[in-house]
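The working numbering puts the first residue of the sequence shown at 2, with every later residue one more than the last.
Using N, Cα and C, we set each Cβ at its ideal position, and we do this for glycine too.
The structure appears right after this line, and notes come after that.
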Amino acid sequence: MEFASVVRGRRSIRAYTTDPVPEELIREILDEARWAPSSRNTQAWSVWVVTGDALERFKAAFKAALAREEADASDLQGTATDDWPAACSARAVELMKTRAATLEAAGEASGPAASLERMADCFGAPVLLVFGFEACLAPAYAAYDTASLVQNVCLAACDKGLGTCQSTTLVRYPGLLRQILPGSEEQRMVVAVTLGWPDLEAPFNTFERSRAPLDEFVTWVS
Numbered sequence: 002m003e004f005a006s007v008v009r010g011r012r013s014i015r016a017y018t019t020d021p022v023p024e025e026l027i028r029e030i031l032d033e034a035r036w037a038p039s040s041r042n043t044q045a046w047s048v049w050v051v052t053g054d055a056l057e058r059f060k061a062a063f064k065a066a067l068a069r070e071e072a073d074a075s076d077l078q079g080t081a082t083d084d085w086p087a088a089c090s091a092r093a094v095e096l097m098k099t100r101a102a103t104l105e106a107a108g109e110a111s112g113p114a115a116s117l118e119r120m121a122d123c124f125g126a127p128v129l130l131v132f133g134f135e136a137c138l139a140p141a142y143a144a145y146d147t148a149s150l151v152q153n154v155c156l157a158a159c160d161k162g163l164g165t166c167q168s169t170t171l172v173r174y175p176g177l178l179r180q181i182l183p184g185s186e187e188q189r190m191v192v193a194v195t196l197g198w199p200d201l202e203a204p205f206n207t208f209e210r211s212r213a214p215l216d217e218f219v220t221w222v223s
């Protein structure tokens, strides 16, 4: 694809086919993505490729934690919706309305509980990529660097016809991940990314998206 087509074509995929993703293709994606920028070229990130039995164990443990109503124990705490600036909150609300209308028109449940249930199943994706960095590092730069790698992964996957969806919810119980992921004991879990072949007909993947015009967030200074 042309670069602009990849950037604009990438979207969060929340429904996948059952087709497996070849390991060699995953390696190609990660090999391209590793050229992301990082502070002083430290490349202070780690990636775990979770598939098969390990993925099923994680999903079962995650669903059990949700059923127990365990509190969010994320290594990097997020920002509550109530803390968002008004413009950001308005865009989030508009997205939820658009998505709900599309799902309901297709006879799909659209509420928060249904969304969380689908996410807990990794949206049916055959691959889960978990991203982290060493706990001794300052999150201010390590998380920023890791995010650059994550974006490269998502763009590289889109370029190859694969879909992704970034989720901080799936790393809200880092203790579960550390039980499954080797070498993760001294790592902060940043984000998980589902990976697979997108179901292009699923309503979860077809609702309209928008972006703010440049004038809303760009200031020209000369």
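Per DSSP, what kind of secondary structure is residue i in: helix, strand or coil?
i	result
residue 155	helix
residue 218	coil
residue 43	coil
residue 197	strand
residue 97	helix
residue 75	coil
residue 202	coil
residue 176	helix
residue 65	helix
residue 147	helix
residue 19	coil
residue 106	helix
residue 209	coil
residue 90	helix
residue 57	helix
residue 171	helix
residue 6	helix
Just curious, the alpha helix (DSSP H) that residue i is in, first and last residue?
i	result
residue 139	Where residue 139 is concerned, there is no enclosing alpha helix (DSSP H), given that its DSSP letter is neither H nor E.
residue 168	Taken as a continuous stretch (DSSP letters only), residue 168 belongs to no alpha helix (DSSP H), being part of the beta strand (DSSP E) at 164-168.
residue 28	24-34
residue 2	It is not in any alpha helix (DSSP H) - residue 2 carries neither H nor E in the DSSP assignment.
residue 118	113-121
Measure the Cβ-Cβ separation of residue i and residue j and say whether it is below 8 Å.
i	j	result
residue 30	residue 157	yes
residue 131	residue 178	yes
residue 63	residue 171	yes
residue 188	residue 134	yes
residue 147	residue 46	yes
residue 173	residue 74	yes
residue 219	residue 34	no
residue 51	residue 59	yes
residue 43	residue 208	no
residue 111	residue 121	no
residue 76	residue 183	no
residue 67	residue 138	no
residue 191	residue 115	no
Quick one: what's residue i bridged to in DSSP?
i	result
residue 190	133
residue 13	165
residue 51	129
Below 8 Å on the Cβ atoms is my guess for residue i versus residue j; work out the distance and round it to an integer in Å.
i	j	result
residue 197	residue 150	Not a contact, Cβ separation roughly 19 Å.
residue 205	residue 9	The Cβ separation is near 19 Å, so there is no contact.
residue 180	residue 13	That belief does not hold up - the Cβ atoms of residue 180 and residue 13 are roughly 27 Å apart, past 8 Å.
residue 216	residue 18	With a Cβ gap of about 40 Å, residue 216 and residue 18 do not count as contacting.
residue 159	residue 7	5 Å
residue 142	residue 211	Contact flag wrong, Cβ pair sits at about 31 Å.
residue 126	residue 169	Not a contact, Cβ separation roughly 16 Å.
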